[in-house]
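For what it's worth, this note's numbering labels the leading residue of the first sequence as 213, then goes sequentially.
Every residue, glycine too, gets a C-beta built ideally from N, C-alpha and C.
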Amino acid sequence: MAKSKSVQSVKGMHDILPEGQSYWKFVYKKGSNLVDDYGFNKIDTPIVESSQLFLRSVGEETDIVSKEMYNFKTRGGDEISLRPENTAGVARAYIEHGMSSWPHPVKLWYWGPMFRHDQPQAGRYRQFYQFGTEIFGDDNPAADAESIFVALGFLGSLGFKNLTLKINSIGDQNCRPHYLKVLKEFLKSKAKQLCAQCKVRAKENPLRVLDCKEESCRALFKEAPQLIDHLDENCRNHFKKVIEFLDEIKAPYMLDPFLVRGLDYYTHTVFEIILEENAKTAELEEGKAATDVAGLKGLALVAGGRYNGLVSLLGGPKTPAVGWATGIERIILAMKNLGLKVPETKSQPKIFLAQLGDFAKRKSLVLFEELRKAGINASTSLGRDSIKAQLRIANRLKVKFSVIIGHKEAIDKTAILREMDSGIQEIIPMEGIIEAVKKRLKS
RNA sequence: GUGCCUAUAGCUUAAUGGUAAAGCACCGCUCUGUGGUAGCGGCGAAAAGGGUUCGAUCCCCUUUAGGCACCCCA
């Protein structure tokens, strides 16, 4: 097989082919227009950052950094990494360019590839695109709500319905340690009944134990102390106000006391937007029953939260911030599975130029250029000499008209304009051809 | 990182322990001057490596890739 003898794409990496581009274009357009309307400005940061950045921000102990990051050493010996997410990079840029002196809040958005070395699955790649926003310098719960609202608006603009917003507060440096103590005690008392995995986690990352999907554990955790009951007054107030804002803008939400996130920098609000568990595909053909959306059950389309400690952690001034991100491959897969359609954006030529003989070929090349200058999307197949083959291409391209220049026409300084549907042809003087084409295309 | 399933041409599929077949697609010819339909022809495949066997695409092992479920996550 030719495939195996030639070079293949690296595991977990994928090509976005022309027919897939209409989805990408559509999602990008909807997303960028929306955040523009909300006053966000685009920022691009490098795909490569110093490894330190992620170790310090995302967290050395997190899976993303400890297991999934692409790390390299440069010739000079610098340790660098492919970015596994972009909040750290944007925060770094915020500090590096002195954005703290910009009028606040500083509202930024980004779109670009991220890299994580995990197991590829549907909607899950080692290089994948994320789109997201960050708001710096706004401590107000309204900024949390705005972030959530923008994320919901984005998904809504793509046609998603039946979304569930899960939200929780994980407190901050002041109150989380107290909670962890209480939680650890609880887990100790139940140690014997925990699943193997939870036993390990109870020691290493107790917060994540609450995430366990094991039925027996879940039952156990019903009595577990909840973060939300251990928030200090400041945190509780903040969370309460976020919820009030969500009520105000009528965003449907679900409090999830077990929602924790895999990045260390989060404080206060954390949230996820998932497709409802019972999301079904559109009924495609008659007789074909709707099926569960493959691979997407409970998968987060959007995730985000507040990270008030991040900027100062990276050496910048103490700056509250909040943001979210979404995975584009995942979004597009969900759109396809749900039958959400996007407009076709393939290049659609309006007319086709066919020629016979070298002299005519030269003439049609000139005309081709003139058509382009006149803003008419024309196509041609100058490499083919048989008129039959050329018209076959014209037919396949679904053009309305073909312009045919044979040897005779080239000498007479005329061209044949053929309407493809009817097959009606007329001979038009060369200098009038552009006008004639324009006129026909209009009607 | 773990477990299960899968791998035949660009795509979809077939048969077979003994020369790998077809449809679609692509290219050409019939037809250097007219497409859609037709006829004819061409291109082109066993993921890689090893083992069992007289002989392996088929049976076995390893690797690779994909899917699914974990883990984790967007």
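Item to check | Per DSSP, the bridge partner or partners of R336 | outcome: Q333
Checklist entry - Helix, strand or coil: which one does DSSP assign to S559? => result coil
Checklist entry - If you compare alpha carbons, which of E273, P296 and K242 is closest to E261? => result P296
Next on the checklist: Any contact between the segment 565-576 and the segment 371-383? By contact I mean 3 or more CB pairs, one from each, below 8 Å.
Outcome noted: no
Next on the checklist: Since A627 and I645 should fall inside the 8 Å C-beta cutoff, what is the C-beta to C-beta distance between them, to a whole number of angstroms?
Outcome noted: 5 Å
Next on the checklist: Can you find the residues in the same chain that come closer than 7 Å, C-beta to C-beta, to S614, ignoring five residues on each side of it along the sequence?
Outcome noted: I563, F564, A566, L603, A606, R630 and M632
Next on the checklist: Which of the three DSSP states is assigned to A303 in this structure?
Outcome noted: helix
Item to check | Environment of F284 [buried if 16+ CB atoms lie within 10 Å] | outcome: exposed
Checklist entry - With distances taken between CB atoms, is the gap from V318 to T345 smaller than 8 Å? => result Against a cut-off of 8 Å, the Cβ pair of T345 and V318 comes out as no contact.
Checklist entry - Can we say the segment 440-453 touches the segment 375-387, given the rule of at least three CB pairs closer than 8 Å? => result yes
Next on the checklist: Can you tell me whether L294 is helix, strand or coil according to DSSP?
Outcome noted: strand
Item to check | Residues bridged to P641 [DSSP beta-bridge criterion] | outcome: T626
Checklist entry - Since F457 is in the alpha helix (DSSP H), which residue starts that stretch and which ends it? => result For F457, the enclosing alpha helix (DSSP H) starts and ends at E445 to E460.
Checklist entry - Taking H309 as the reference, which of S234, A357 and V523 has the closest Cα? => result Across the set S234, A357 and V523, the C-alpha of V523 shows the shortest separation from the C-alpha of H309.
Next on the checklist: Only counting the same chain, and skipping five residues up and downstream in sequence, which positions put a Cβ closer than 6 Å to that of I552?
Outcome noted: Contrary to the premise, residue 552 reads as Leu rather than Ile in this sequence. Correct list, in chain order: G371.
Next on the checklist: Check whether the segment 448-458 and the segment 341-361 touch, using three or more Cβ-Cβ pairs below 8 Å as the test.
Outcome noted: Contact between the segment 448-458 and the segment 341-361 is present: 3 or more CB-CB pairs across the two stretches fall below 8 Å.
Checklist entry - First and last residue of the beta strand (DSSP E) that includes S381? => result L375 to S381
Checklist entry - Going by C-alpha distance, which of E397, E643 and Q560 is nearest R608? => result Q560
Item to check | Cut-off 8 Å between Cβ atoms - residues of its own chain near E638, not counting five sequence neighbours on either side | outcome: I628 and L629
Checklist entry - Could you give the distance in angstroms between the alpha-carbon of K462 and the alpha-carbon of K452? => result 15 Å
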